[in-house]
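> Attaching a single structure in structure tokens format; questions to follow.
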Amino acid sequence: MSANPPRHEASGPTFQNACGKRLTLEDVFRHVASFMVQRPQAEYRFMIGTDCQAHARATTFVTGLVIQRVGDGAWACYRKLTVPRRLHSIRQKLSVETLLSEDIARLWKDRYDGRLEHIVRPYARQGAAFARYVDIDAGDDLEANGTAPFVAEMVGRVEALGFAARIKPDAVVASAYANRHTKRPDGGEQLSMHVQRLIR
1 MSANPPRHEA SGPTFQNACG KRLTLEDVFR HVASFMVQRP QAEYRFMIGT DCQAHARATT
61 FVTGLVIQRV GDGAWACYRK LTVPRRLHSI RQKLSVETLL SEDIARLWKD RYDGRLEHIV
121 RPYARQGAAF ARYVDIDAGD DLEANGTAPF VAEMVGRVEA LGFAARIKPD AVVASAYANR
181 HTKRPDGGEQ LSMHVQRLIR
């Protein structure tokens, strides 16, 4: 038996950064906190967003987590999940995207709520601030977005968690960062059973 067991637990969500390194949610928190401690007097936005891409025989979902130091860089990572069939329903895809973001937001809130705000709070008079968002890959323009009829429902779900909800064109983590990583169907973990039951 190894004297140094692996840190990553199969039961929890895992993420990867641009270098392909696997990260637990605790690892992600440490990276985010370290990034903020470098300049605690700055303005920060912590953002979660999910996008999906339907491929020939699978649908890939990617949830991005981004900490942005406004005007001065960001750090990001993502989680990729797949369902082994092509999903067609706009509402179904949007609902699963929102659910996956909600799952991470709920875990984050339960484990780390307040700890990041604590970093910037002493510097509030110098302009320090911290905001958290869940980005929803939907827009409210009925002519331009097939997702528009479902926006109010998804926003309500996010706000019930205590996160601010952003939609297009502001939902950049979902529509840009996560979207970029959905293009390849390979490499994703299987969706959990409770999510798969929603898409049968």
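No gaps in the numbering here: position 82 of the sequence shown is 82 in the UniProt record's numbering, and each next residue is one more. Backbone N, C-alpha and C define an ideal beta-carbon position, used for all residues, glycine too.
#1: Leaving out the 5 sequence neighbours to the left and right, which residues in its chain are closer than 6 Å to R132 when beta-carbon positions are compared?
#2: From the DSSP output, in three-state form, read off G64 for me.
#3: Could you tell me the alpha carbon to alpha carbon distance between A54 and T63, rounded to whole angstroms?
#4: Taking 8 Å as the limit between beta carbons, can you name the residues of its chain near N179, skipping five residues before and five after?
#5: Reducing DSSP to helix, strand and coil, say where R86 ends up.
#6: So, for R166: in the same chain, excluding its five sequence neighbours on each side, which residues have a beta-carbon less than 6 Å away from its beta-carbon?
#7: Closest by CA to S101, which one among T24, Y78, H181?
#8: Count the C-beta pairs between the stretch 13-21 and the stretch 137-147 that are closer than 8 Å, then say yes if the count reaches three, no if not.
#9: Please return the same chain residues whose Cβ sits closer than 8 Å to the Cβ of D72, not counting the five positions on each side in sequence.
#10: Can you pull the DSSP bridge partners for D51?
#11: Verify the contact flag: T82, CB atom, against every heavy atom of the ligand ZN, threshold strictly below 8 Å.
#12: Look up R184 in the DSSP assignment and say whether it is helix, strand or coil.
#13: So, with DSSP's three-state summary, where would you put L161?
#14: Are the beta-carbon atoms of F29 and R115 separated by less than 9 Å?
#15: Determine the direct distance from the alpha carbon of A56 to that of V158, and round the result to whole angstroms.
Answer, in terms of the structure:
#1: Counting from one through the sequence shown, the residue named residue 132 turns up at place 132. Counting only Cβ-Cβ distances below 6 Å, and skipping sequence neighbours, we find F46, F163.
#2: Counting from 1 along the sequence shown, the entry for residue 64 is found at position 64. Note: G64 maps to strand in three-state DSSP.
#3: Mapped onto the sequence shown, residue 54 falls at position 54. Mapped onto the sequence shown, residue 63 falls at position 63. Whole-angstrom Cα-Cα distance: 15 Å.
#4: For the purposes of this step, residue 179 is taken as the residue at position 179 of the sequence shown. For N179, where only same-chain residues beyond five positions count, the Cβ hits under 8 Å are D51, Q53, V62, D137.
#5: By 1-based counting over the sequence shown, the position of residue 86 is 86. Looking at R86 - three-state DSSP - the assignment turns out to be coil, as it is neither helix nor strand.
#6: Taking the sequence shown and counting its residues from 1, the one referred to as residue 166 is at position 166. Answer for R166: Y133, D135, listed in chain order.
#7: Indexing the sequence shown from 1 puts residue 101 at position 101. Minimum Cα distance to S101 is reached at Y78.
#8: no
#9: Residue mapping note: residue 72 aligns to position 72 of the sequence shown, counting from 1. Excluding positions up to five away in sequence, the list reads R39, A42.
#10: As a working note, residue 51 is residue 51 in the sequence shown. The partner list for D51 (beta bridge, DSSP) reads V62.
#11: The ligand ZN is absent from the structure shown, which contains no ligand whatsoever.
#12: If you number the sequence shown from 1, residue 184 lands on position 184. R184: coil per DSSP, three-state reduction.
#13: Residue 161 sits at position 161 when you count from the first residue of the sequence shown. Coil.
#14: As a first step, residue 29 must be located in the sequence shown, where it is residue number 29. As a first step, residue 115 must be located in the sequence shown, where it is residue number 115. It is a contact, given that the beta carbons lie within the stated cut-off.
#15: The residue labelled residue 158 in the question sits at position 158 within the sequence shown. The residue labelled residue 56 in the question sits at position 56 within the sequence shown. Approximately 30 Å, taken between the alpha carbons.
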